[in-house]
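So the sequence shown is numbered by my numbering: it starts at 426 and just counts up by one.
Using N, Cα and C, we set each Cβ at its ideal position, and we do this for glycine too.
These numbers come from a predicted model, not from an experiment.
Data first, discussion second: the structure below is written as C-alpha cells.
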Amino acid sequence: GGLDSMIWTISLILCAMIFGGVMETTGMLGSLVDVILKIAKGVGGLVTATIVTCIFINFVTADQYLSIVITGRMYKTAYEAENLHPKNLSRALEDSGTLTSPLIPWNTCGAFMIEALAIEPWSYVPYAFLNWLNPIVSIIYGFTGFSMEKLDKTKDTATV
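Given below as C-alpha cells:
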C-alpha cells in the first residue's frame with residue numbers, strides 16, 4: 426500500500442515528463458510538429474493530428490503515460506495558436522491516449538486486460554465501443570467545431 430505500491434507508476438510518469446522535456450528543449454518536438462502541421466490544417470486537422478500522434482506513440486512506447494505527455498507537449502502551442510482552450514487538447518489526449526491503451530496488446534493496459542479477462546485482446550475489442558468510438562467522435566468535433574471551446578483571453582487560464 427501507500428507510496429511503495431505506486432512508485433513504479435510515479436517513476437514512469439517522471440521519466441515521461443523528463444523525456445518530453447528533453448525532446449522539447451532540443452527542438453525535436455518542434456520539428457515534428459512543424460512537419461505535421463503543414464499537412465493538418467485548421468482545428469479539425471489539429472485534433473486529428475493530435476489523436477493520430479497519440480495513438481502512434483501509444484503503439485510505439487507501449488505506455489499511455491508517455492504517449493499523453495509527449496503528445497501534449499508537442500501540440501500545446503499549436504492549440505494556443507488556434508486560440509483553443511487547453512481542455513480541448515486534454516480531451517483529445519484522453520480520447521486517444523487513455524482510451525486506446527487497453528486495445529493494444531503489448532501496452533501496459535492491454536497486458537492488464539489480457540490477464541484480468543483471461544482472453545485474447547481481439548476478443549474484447551469489438552465490444553469496447555467507448556475505446557474505439559471516442560477518438561472518431563473527437564475528430565468529428567474538431568471538424569464541426571462542436572464543443573470546441575475557444576480561449577478566453579480576458580481570464581487567467583492558469584487557474585482553470
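The distance from the Cβ of L555 to that of Y490 is about 20 Å, inconsistent with a contact at the 8 Å cut-off.
Annotated three-state conformation of L509 is strand, per DSSP. Assigned with DSSP and collapsed to three states, K575 falls in strand. Annotation: H510 to W547 spans about 36 Å, alpha carbon to alpha carbon. In the DSSP annotation of this structure, V550 is not part of any alpha helix (DSSP H), being labelled neither H nor E. Listed in chain order, the non-local C-beta contacts of A503 below 7 Å within the same chain comprise V458, L462, L471, local neighbours out to five positions each way being set aside. Of the candidates A506, W531, W557, W557 places its Cα closest to the Cα of E519.
Around G469, the same chain offers G567, F568 as residues with beta carbons nearer than 6 Å, after the five sequence neighbours per side are excluded. Straight-line spacing of the CA atoms in W531 and A487 works out to 6 Å.
Annotation for E449: the continuous alpha helix (DSSP H) segment containing it runs 427–450.
Taking C-beta separations shorter than 8 Å and ignoring five residues to either side along the sequence, the partners of V562 in its chain run D520, following chain order.
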